[in-house]
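The sequence shown runs -14 to 241 under my numbering. Don't be surprised by glycine CBs; every beta carbon is placed ideally from N, CA and C. Keep in mind the model is a prediction, meaning the values are calculated, not measured. Written below as structure tokens is the structure these notes are about.
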Amino acid sequence: MYLHERSEDIKGLTERLNFKEKVDRSLSLIKEAYETYGEGLVVANSLGKDSMVVWDLAKKVSADIRGFIITTRYKPKETVQFMNELVSEYPELMVFRNDQEIPGNLYITDPDLCCYYLKVLPTRWAIEKMGVNCWVTGLRCTEGRTRTDFREIEERDPGLIKLNPVLLWQEREIWQYLALNNVRVNPLYAQGYRSLGCAPCTKITSGENERAGRWVGTSKCGGECGIHTRPLKNGVEPDGDNGNRGREIGNVSNTG
-14 MYLHERSEDI KGLTERLNFK EKVDRSLSLI KEAYETYGEG LVVANSLGKD SMVVWDLAKK
46 VSADIRGFII TTRYKPKETV QFMNELVSEY PELMVFRNDQ EIPGNLYITD PDLCCYYLKV
106 LPTRWAIEKM GVNCWVTGLR CTEGRTRTDF REIEERDPGL IKLNPVLLWQ EREIWQYLAL
166 NNVRVNPLYA QGYRSLGCAP CTKITSGENE RAGRWVGTSK CGGECGIHTR PLKNGVEPDG
226 DNGNRGREIG NVSNTG
């Protein structure tokens, strides 16, 4: 069976597997994918707790695995500092951002478009520049209302596999792994944040939904920035603009 042809009961596995079984499963998924795609396998590191687990797992599979970080002009200073420290430790982490001019209040007037410019487009650039065939994410199916239909192995873009090795993990299991393996995390978690993003669009909240603090007061509340829902490989947009907005704002800025 090919890597991307697996189909299993995600909800059942999330509830049935214990912590060790999930760790072993995640390592096995990354190992198999790395054996299949080699340097074409790249980890997307969001600098959040889930990404730090995935990065640590990937490094247990092979020290040669590369990664990329998408940053924006609106990231909190704590996140920027954490990013700089991480890149200093792991120079194989490349940083991409879009520095082109956009309306200063776009995150208020059109948060979807703001995320498209500052997150989706640089992700496309990273995938193209790094020659990615399989990108590895920190998605979890228990994290929020928009993350229940993902699979561990997906091919939403033809020719681009997305691997979600910690999809089955609970939030408490993420923190358990981080503690047991002495993996450091973004200091914003100590302030009470449960999900991290750009400063204007991320609040501290309580409640069951981890992502409830994202884009509060907008139609995107608790939702997605777009990198997991928009095309990344061929640049063809579902609304028919065929990536024209990407050409309008131009170039990649790689600070890695």
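* Asked: Is alanine 29 buried or exposed, if buried means 16 or more other CB atoms sit within 10 Å of its CB?
  -> Sequence index remark: in the sequence shown, residue 29 carries index 44 (1-based). Under a 10 Å Cβ-count criterion, alanine 29 is classified as buried, with 16 or more other Cβ atoms of the shown protein chains found around its own Cβ.
* Below 8 Å CB to CB, which residues in the same chain sit around tyrosine 59 once its five sequence neighbours on both sides are set aside? => Along the sequence shown, one-based indexing puts residue 59 at 74. Result list for tyrosine 59: Tyr92, Leu103, Cys183, Ala184, Pro185 and Cys186, in chain order.
* Asked: DSSP on arginine 82, reduced to helix/strand/coil?
  -> As a first step, residue 82 must be located in the sequence shown, where it is residue number 97. If DSSP states are grouped into helix, strand and coil, arginine 82 belongs with the strands.
* Asked: Who does alanine 29 pair with in a DSSP beta bridge?
  -> The sequence position of residue 29 within the sequence shown is 44, counting from 1. DSSP lists Phe53 as partners of alanine 29.
* Looking only at C-alpha atoms, which of Ala164, Thr57, Glu139 and Ala111 sits nearest to glutamate 77? -> For this step, residue 77 is matched to residue 92 along the sequence shown. Nearest Cα to glutamate 77 within the set Ala164, Thr57, Glu139 and Ala111: Ala111.
* Quick one: what's tryptophan 154 bridged to in DSSP? -> Locating residue 154 in the sequence shown gives position 169, counting from the first residue. Bridge partners of tryptophan 154: none, in fact.
* Residue environment, aspartate 35, which counts as buried when at least 16 other CB atoms sit within 10 Å -> Within the sequence shown, the letter at position 50 stands for residue 35. By the beta-carbon neighbour count (other beta carbons within 10 angstroms, threshold 16), aspartate 35 is buried.
* Asked: Secondary structure at isoleucine 212, three-state DSSP: helix, strand or coil?
  -> Against the sequence shown, residue 212 aligns to sequence position 227. Under the three-state reduction of DSSP, isoleucine 212 is assigned to coil, being neither helix nor strand.
* **Same chain, Cβ closer than 7 Å to aspartate 41, neighbours up to 5 away in sequence not counted** => Numbered from its first residue, the sequence shown carries residue 41 at position 56. Excluding sequence neighbours, aspartate 41 sits near Asn166 and Val168.
* Can you give the Cα-Cα distance for cysteine 126 and leucine 152, rounded to whole angstroms? -> Residue numbering aside, residue 126 sits at position 141 when the sequence shown is read from its first letter. Residue numbering aside, residue 152 sits at position 167 when the sequence shown is read from its first letter. Spanning the two alpha carbons is a distance of roughly 5 Å.
* Taking all protein chains shown into account, decide if lysine 147 is buried (16 or more other Cβ within 10 angstroms of its Cβ) or exposed. => Within the sequence shown, residue 147 is the residue found at index 162, counting from 1. Buried: at least 16 other Cβ atoms inside 10 Å.
* Asked: Where do the N-terminal and C-terminal ends of the beta strand (DSSP E) with leucine 42 fall, by residue?
  -> The residue you call residue 42 lines up with position 57 of the sequence shown. In this chain, leucine 42 is not harboured by any beta strand (DSSP E); it is covered by the alpha helix (DSSP H) spanning 34 to 46.
* Asked: Expressed to the nearest angstrom, what Euclidean distance is found between the alpha-carbon atoms of threonine 190 and leucine 145?
  -> Taking the sequence shown and counting its residues from 1, the one referred to as residue 190 is at position 205. Taking the sequence shown and counting its residues from 1, the one referred to as residue 145 is at position 160. Distance from the CA of threonine 190 to the CA of leucine 145, rounded to the nearest whole angstrom, comes to 35 Å.
* To do: Report the rounded CA-to-CA distance for threonine 57 versus proline 107, giving the unit in angstroms.
  => Within the sequence shown, residue 57 is the residue found at index 72, counting from 1. Within the sequence shown, residue 107 is the residue found at index 122, counting from 1. The alpha-carbon atoms of threonine 57 and proline 107 are separated by roughly 9 Å.
* Asked: How many Å lie between arginine 141 and lysine 45 at the Cα?
  -> Stepping through the sequence shown from its first residue, residue 141 is reached at position 156. Stepping through the sequence shown from its first residue, residue 45 is reached at position 60. A straight line joining the alpha-carbon of arginine 141 with that of lysine 45 spans about 27 Å.
* Asked: What residues in its chain sit with their C-beta under 7 Å from that of alanine 43, if we drop five residues either side in the sequence?
  -> For the purposes of this step, residue 43 is taken as the residue at position 58 of the sequence shown. Scanning its chain for C-beta atoms nearer than 7 Å, with the 5 sequence neighbours on each side dropped, one finds around alanine 43 the residues Ile15, Val28, Ile50 and Val121, in chain order.
* What are the uninterrupted segments assigned as alpha helix (DSSP H) that are 4 or more residues long and contained completely in the segment 97 to 124, given in chain order? -> Whole alpha helix (DSSP H) segments, 4+ residues: 106 to 114.
* **lysine -4 beta carbon less than 8 Å from that of tryptophan 154** => The residue you call residue 154 lines up with position 169 of the sequence shown. The residue you call residue -4 lines up with position 11 of the sequence shown. Cβ atoms of tryptophan 154 and lysine -4: not closer than 8 Å.
* Neighbourhood of phenylalanine 4 by C-beta, 7 Å cutoff - its chain only, sequence neighbours within 5 removed -> Position 19 of the sequence shown, counted from the first residue, corresponds to residue 4. Within its own chain, the residues whose Cβ lies closer than 7 Å to the Cβ of phenylalanine 4, once the five positions on either side in sequence are excluded, are Glu158 and Gln161, listed in chain order.
* **When Tyr174, Leu2, Asp(-6) and Leu217 are compared against lysine 114, the one with the closest alpha-carbon** => Here the question's residue 114 lines up with position 129 in the sequence shown. Considering only alpha carbons, the answer is Leu217.
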